[in-house]
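Numbering (the numbering used here), first residue to last: 6 to 192. By construction, the Cβ of each residue, glycine as well, lies at the ideal position given by its N, Cα and C atoms. Predicted model, so just to flag it, every value in this text is computed and none were measured. These notes concern the structure reproduced below.
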Ligand code: HEM
Ligand code: HEM
């Protein structure tokens, strides 16, 4: 089957808007745990933004499974291709897991899960302080893993853009004009 040269518009818009939202969520999360006075408004932003990320991540996953991504360059070392695949699926898993764990954590803590005004999400779990404590740790460790993976992903993206200049970055930036050029042969 033919592979496209670039990610399509839906994939690119979802990628860049979600990248901004997820980075914002990581900083909002850390700030709201660090500051008692700023916590109320930050958490009021954290919940609906997290719920929006969950919905967009489901849409994105379905879209990804229905549309093949552009191929990685043929000359990319095998370990880098495997690392790219593994880290992309880890990012998908965390984009889904982080909001679900946050939602389940508040349910287990018996907190109302207010999105805005009177709009609330139903509890996912019955109240249980031990489960709440466990999920709170899981949410914190998940956030650290997500942050580390995003940093690696960002480094790899810039390596493609500035060092290899192989079109991988352009395929997500939407600036790629043509299909990957085949290496010239002497024949
Ligand atoms: C992609 C989605 C999400 C990301 C990246 C994220 C990230 C974070 C981070 C970085 C923290 C600080 C953790 C720490 O320093 O221990 C945090 C805390 C928290 N998050 Fe999320 N979060 C997400 C979704 C959600 C959702 C959907 C909810 C609830 C509906 C939620 C509820 C909370 C709560 C209540 C805390 C405070 C926990 C505490 O008091 O220790 N999060 N989040
Ligand atoms: C929270 C931040 C981010 C997340 C969760 C994220 C997630 C992802 C995922 C899951 C893919 C795989 C796409 C697919 O195969 O469906 C991807 C691809 C890509 N991302 Fe990100 N991304 C983030 C931030 C960034 C940033 C900041 C950059 C660049 C500076 C970037 C550049 C790229 C590039 C170039 C690709 C294409 C890689 C390829 O062709 O295999 N991403 N991203």
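- Secondary structure at residue 12: coil, using DSSP grouped into helix, strand and coil.
- Note that the C-beta distance between residue 117 and residue 59 is not below 7 Å.
- Taken through DSSP and simplified to helix, strand or coil, residue 65 comes out as helix.
- Beta-bridge pairing by DSSP links residue 124 to 121.
- Relative to residue 130, the option among 152, 119 and 106 whose CA is nearest is 106.
- Look at residue 52: its beta carbon is less than 6 Å from one of the heavy atoms in ligand 1.
- Rounded to the nearest angstrom, the Cβ distance from residue 100 to residue 144 is 14 Å, too far for a contact under 8 Å.
- In this structure, the CA atom of residue 176 is about 11 Å from the CA atom of residue 14.
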